[in-house]
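The structure appears right after this line, and notes come after that.
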Amino acid sequence: KAGVTQTPRYLIKTRGQQVTLSCSPISGHRSVSWYQQTPGQGLQFLFEYFSETQRNKGNFPGRFSGRQFSNSRSEMNVSTLELGDSALYLCASSLGDYTDTQYFGPGTRLTVL
Amino acid sequence: AQSVTQPDIHITVSEGASLELRCNYSYGATPYLFWYVQSPGQGLQLLLKYFSGDTLVQGIKGFEAEFKRSQSSFNLRKPSVHWSDAAEYFCAVAAGYSGGGADGLTFGKGTHLIIQP
Chain A
1 KAGVTQTPRY LIKTRGQQVT LSCSPISGHR SVSWYQQTPG QGLQFLFEYF
51 SETQRNKGNF PGRFSGRQFS NSRSEMNVST LELGDSALYL CASSLGDYTD
101 TQYFGPGTRL TVL
Chain B
114 AQSVTQPDIH ITVSEGASLE LRCNYSYGAT PYLFWYVQSP GQGLQLLLKY
164 FSGDTLVQGI KGFEAEFKRS QSSFNLRKPS VHWSDAAEYF CAVAAGYSGG
214 GADGLTFGKG THLIIQP
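Residue numbers (our numbering), protein chains in the order written: chain A, 1 to 113; chain B, 114 to 230.
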């Protein structure tokens, strides 16, 4: 079974631009969660989608948004990029219950200049 | 709100020596606990998880962890480390639902494991 895939793997943007990251979950998984990883703040939960609905959101500004498609693929969008948005963005998929194991993708490394 | 503390930012162990990585959690209800490992440039890989039952859980790559409710701890152990174990290790707790959805995993800051030859 193929794992979680994320595209692109690396991205360089400038302040003020917007960016869209993509995540394809493991086949059969209906939940996709997004995390931001930075050296200072560590791993922080962004939001979780299940069956095309956002079920919960972490403590991030509205510039961070996402969506999920009917095939469970998910996209994350960051508008008006700031230098502090430079991070590794990880997505994880699971069957859907919060106790289910989350399987992580390799991440997208975003650099904002 | 739940929290996870990994007291050791870096740990250096000689190859072949035993290893223990510490993890303390704060959570009001029954915790669902995980240990993940992250190699440079990679995503996170699940080592093991604890939901209930036997407090000593076995994982992949020869790792085990022991849940101690009285100490709010979930320490990761390995009897003999290999150079390939050098990586970043994260302890995490799964919170319950709020607002109809999962709160996501709450991670500790991680422990960077260095293996000396």
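C-beta: ideal position from N, C-alpha, C; glycine also.
Endpoints, the beta strand (DSSP E) within which His123 (chain B) is located: Numbered from 1 along the second sequence, position 10 holds the residue referred to as residue 123 (chain B). From DSSP, the beta strand (DSSP E) with His123 (chain B) extends over His123 to Ser127.
Are there three or more Cβ pairs, one per stretch, closer than 8 angstroms when the region 67-81 of chain A is compared with the region 117-130 of chain B? no
Minimum Cβ-Cβ distance from Glu48 (chain A) to chain B less than 7 angstroms: Here residue 48 (chain A) is taken as the residue at index 48 of the first sequence, counted from 1. Output row for Glu48 (chain A): interface = yes.
Beta-carbon proximity of Ala208 (chain B) to Gln115 (chain B), cut-off 7 angstroms: In the second sequence, counting from the first residue as 1, residue 208 (chain B) sits at position 95. In the second sequence, counting from the first residue as 1, residue 115 (chain B) sits at position 2. Cβ distance < 7 angstroms, so Ala208 (chain B) and Gln115 (chain B) count as in contact.
Quick one: is Gln155 (chain B) near chain A, going by C-beta distance under 7 angstroms? Residue numbering aside, residue 155 (chain B) sits at position 42 when the second sequence is read from its first letter. Yes, Gln155 (chain B) counts as interfacial toward chain A.
Under a CB-based cut-off of 7 angstroms, is Leu189 (chain B) close to chain A? In the second sequence, residue 189 (chain B) corresponds to position 76, counting from 1. No - not a single Cβ of chain A is within 7 angstroms of the one on Leu189 (chain B).
Can you tell me the Cα-Cα spacing of Asp167 (chain B) and Phe50 (chain A), whole angstroms? Taking the second sequence and counting its residues from 1, the one referred to as residue 167 (chain B) is at position 54. Taking the first sequence and counting its residues from 1, the one referred to as residue 50 (chain A) is at position 50. So the alpha carbons of these two residues sit roughly 31 angstroms apart.
What is the C-beta distance between Arg63 (chain A) and Ser79 (chain A), in whole angstroms, given that I count them as a contact (C-beta under 8 angstroms)? What you label residue 63 (chain A) is simply residue 63 of the first sequence in a count that begins at 1. What you label residue 79 (chain A) is simply residue 79 of the first sequence in a count that begins at 1. Right, their Cβ atoms sit about 5 angstroms apart.
Three or more C-beta pairs under 8 angstroms: does that hold for the region 137-148 of chain B against the region 30-42 of chain A? no
Here's the rule I'm using: 16 or more other beta-carbon atoms within 10 Å means buried, otherwise exposed. How should Pro144 (chain B) be labelled? Residue 144 (chain B) sits at position 31 when you count from the first residue of the second sequence. Pro144 (chain B) should be labelled buried.
Tell me the DSSP secondary structure of Leu226 (chain B) in three-state form. Here the question's residue 226 (chain B) lines up with position 113 in the second sequence. The answer is strand: DSSP assigns Leu226 (chain B) an E or B state.
Straight-line CA distance for Gly213 (chain B) to Gly16 (chain A)? In the second sequence, residue 213 (chain B) corresponds to position 100, counting from 1. In the first sequence, residue 16 (chain A) corresponds to position 16, counting from 1. Interpretation of Gly213 (chain B) is limited by its pLDDT of 44, a score under 50 that renders its predicted location unreliable; no figure is taken from the coordinates.
Could you tell me the distance, in whole angstroms, from the CA atom of Asp85 (chain A) to the CA atom of Gly42 (chain A)? Along the first sequence, read from residue 1 onward, the residue named residue 85 (chain A) stands at position 85. Along the first sequence, read from residue 1 onward, the residue named residue 42 (chain A) stands at position 42. Using only the alpha carbons, I get a separation of about 13 angstroms.
How about Ser93 (chain A): is its C-beta nearer than 7 angstroms to some C-beta of chain B? Stepping through the first sequence from its first residue, residue 93 (chain A) is reached at position 93. No, Ser93 (chain A) does not count as interfacial toward chain B.
Rounded C-beta distance between Ser93 (chain A) and Ile12 (chain A)? I'm assuming under 8 angstroms. Counting from 1 along the first sequence, the entry for residue 93 (chain A) is found at position 93. Counting from 1 along the first sequence, the entry for residue 12 (chain A) is found at position 12. Their Cβ separation, rounded to whole angstroms, is 26 angstroms, which puts Ser93 (chain A) and Ile12 (chain A) out of contact at 8 angstroms.
Proximal residues, the region 217-230 of chain B versus chain A, C-beta separation under 9 angstroms: Gly217, Leu218, Thr219, Phe220, Gly221, Lys222 and Gly223
Shorter than 7 angstroms from the beta carbon of Ser33 (chain A) to some beta carbon of chain B? By one-based count along the first sequence, residue 33 (chain A) stands at place 33. Chain B, which has a Cβ nearer than 7 angstroms to the Cβ of Ser33 (chain A), makes this yes.
Partner residues on chain B for Thr99 (chain A), Cβ-Cβ distance less than 8 angstroms: As a first step, residue 99 (chain A) is located in the first sequence; it is residue number 99 there, counting from the start. Result: Tyr145, Phe164 and Ala207.
Any chance you could list the beta strand (DSSP E) runs of at least 3 consecutive residues sitting entirely within the region 162-207 of chain B, in chain order? 169-171, 177-181, 186-191 and 200-207
Expressed to the nearest angstrom, what Euclidean distance is found between the alpha-carbon atoms of Leu132 (chain B) and Gln155 (chain B)? Locating residue 132 (chain B) in the second sequence gives position 19, counting from the first residue. Locating residue 155 (chain B) in the second sequence gives position 42, counting from the first residue. Their backbone Cα atoms lie some 22 angstroms apart in a straight line.
Kindly indicate the opening and closing residues of the beta strand (DSSP E) around Thr143 (chain B). Stepping through the second sequence from its first residue, residue 143 (chain B) is reached at position 30. Run containing Thr143 (chain B): none; DSSP gives neither H nor E here.
Report the option in A:Gly107, A:Thr108 and A:Asp100 whose CA atom is closest to the CA atom of His29 (chain A). To locate residue 29 (chain A), count along the first sequence from 1; it is residue 29. Selected option, being the one with the closest Cα: A:Asp100.
Does Pro8 (chain A) get closer than 7 angstroms to chain B when you measure Cβ to Cβ? Your numbering for residue 8 (chain A) matches position 8 in the first sequence. No - not a single Cβ of chain B is within 7 angstroms of the one on Pro8 (chain A).
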